[in-house]
Structures are given as C-alpha cells and as structure tokens.
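Peer 1:
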Amino acid sequence: MTFLVFLVIRAVPSEAVVCSPGEYAVHGECCPMCSPGQRVQKHCNNFSSTSCIPCVGNTYTDHPNGLEECRRCKFCDEGKETVKC
C-alpha cells in the first residue's frame, strides 16, 4: 500500500505553471500562443518569443495554440456535409 501512495505522489507535479490567456505552458515557462492557421516552430525562451509557421497542405489549427503540429483535415464520405479546411 505504501508503494502505491508513493507512485501517486510522484505522478503529481510539485509546481504547476499557470499561464495567462493567450499563453501556453512548456518546460515550466509560459510562451505566447500561435495564431489560428499556424503552429509552433520553436518554443519561446529567455531570449526570444515563440516562433510560429503556417499550417500547410491538408492541415489546420482553428484556435490560438501551442501545438507543434497542425491538425489533419478529415475527408468525409461522399454526400456528407463538409467544411473547407
């Protein structure tokens, strides 16, 4: 039983980072989010802000984000309602 309690305690981070709206947490820091239609190329650090690049091909982001990869568009069966990616 003691072993199980130890594992649960170790799984909970000792210090959670709480970021402002428009920021995301990475490596214990808060970085500015990328705009919709973009993804993170390089996370921020002490010397530079987040570097963002556009999503390409059949990929997208529809909200401000800290994603390293854009989401893939889904292709629906014929006759289904679709939204342009």
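Numbering (mature numbering (1 follows the signal peptide of the UniProt record, and there is no 0)) for the sequence shown: -16 to -1, 1 to 69.
Note that CB positions come from ideal geometry on N, CA and C, so glycine has one too.
Once DSSP output is grouped into helix, strand and coil, what is the label at Cys36?
Peer 2: Counted from its first residue, the sequence shown places residue 36 at position 52. Strand at Cys36.
Peer 1: Going by DSSP, which residues form a beta bridge with Pro16?
Peer 2: Here the question's residue 16 lines up with position 32 in the sequence shown. Paired residues: Glu7.
Peer 1: What residue from Gly12, Cys3, Gly21, Ser4 has the CA that sits closest to His47's CA?
Peer 2: For the purposes of this step, residue 47 is identified with residue 63 of the sequence shown, where counting begins at 1. His47 has its Cα closest to that of Gly21, out of Gly12, Cys3, Gly21, Ser4.
Peer 1: Roughly how many angstroms lie between the CA atoms of Val1 and Asp61, to the nearest whole one?
Peer 2: One-based indexing of the sequence shown puts residue 1 at position 17. One-based indexing of the sequence shown puts residue 61 at position 77. Distance between the alpha carbons of Val1 and Asp61 is about 42 Å.
Peer 1: Tell me whether Val1 sits in a helix, a strand or coil according to DSSP, three-state version.
Peer 2: Numbered from its first residue, the sequence shown carries residue 1 at position 17. If DSSP states are grouped into helix, strand and coil, Val1 belongs with coil.
Peer 1: With H, G and I counted as helix, E and B as strand and the rest as coil, what does DSSP make of Ser49?
Peer 2: Numbered from its first residue, the sequence shown carries residue 49 at position 65. It is worth fixing the name first, because residue 49 is Asn in this sequence and not Ser. Asn49: strand per DSSP, three-state reduction.
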